[in-house]
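Peer 1: Just passing along the structure, written as structure tokens.
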Amino acid sequence: MPKWRVTIALKLFLAVLLPVLLITTVSLFVSQWTMQKNFSRYVTQVEMQKLDHLNNNLAEIYQVYGSWTKAIENSLTRLDPDMSEERKHRFATLWLLKQYEIAQRQNDLIKNPALFQNRIDQQLPRDCK
Numbered sequence: 009m010p011k012w013r014v015t016i017a018l019k020l021f022l023a024v025l026l027p028v029l030l031i032t033t034v035s036l037f038v039s040q041w042t043m044q045k046n047f048s049r050y051v052t053q054v055e056m057q058k059l060d061h062l063n064n065n066l067a068e069i070y071q072v073y074g075s076w077t078k079a080i081e082n083s084l085t086r087l088d089p090d091m092s093e094e095r096k097h098r099f100a101t102l103w104l105l106k107q108y109e110i111a112q113r114q115n116d117l118i119k120n121p122a123l124f125q126n127r128i129d130q131q132l133p134r135d136c137k
């Protein structure tokens, strides 16, 4: 029966490899568990806060007009009352996207008021500054 000789280089390699694999495996399991645990909290808190302005804006619009059809038609008549039926249908989708964009800008301006001031400064003529 042949006798296996384990060199010191192999022992050193295994002594380094095994703890590295153990630490990596534990880190992956901990990070996965943390992501699963906190992801739903993130979605419900952070992402839903982004929609708060949209909800408020749409609620105000609905209170004024009493229906989405009237609100969209009012915007449509102010822009182009002679629009084709196909474009009217697309306009409803674009209208909602525009409301979302307005809400995102409101959210950004609340989080960073300096952004609003920078936009005003850029739009003012030089002799007004």
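Oh and the sequence shown: position 121 is 129 in the numbering used here, straight run, nothing missing.
Cβ atoms here follow ideal geometry from the backbone N, Cα and C, with glycine treated the same way.
For THR101, does the three-state DSSP call read helix, strand or coil?
Peer 2: THR101: helix per DSSP, three-state reduction.
Peer 1: Can you tell me the Cα-Cα spacing of HIS97 and THR33, whole angstroms?
Peer 2: For HIS97 and THR33, the distance between alpha carbons rounds to 53 Å.
Peer 1: How would you label LEU18, buried or exposed, when you count the other beta carbons within 10 angstroms and need 16 or more for buried?
Peer 2: LEU18 should be labelled exposed.
Peer 1: Count Cβ pairs between the stretch 66-84 and the stretch 100-109 that sit closer than 8 Å; are there 3 or more?
Peer 2: Result yes; three or more Cβ-Cβ pairs closer than 8 Å.
Peer 1: Flag this pair as yes or no: are the beta carbons of PHE99 and LEU84 separated by less than 8 Å?
Peer 2: Yes, Cβ-Cβ distance for PHE99 and LEU84 is below 8 Å.
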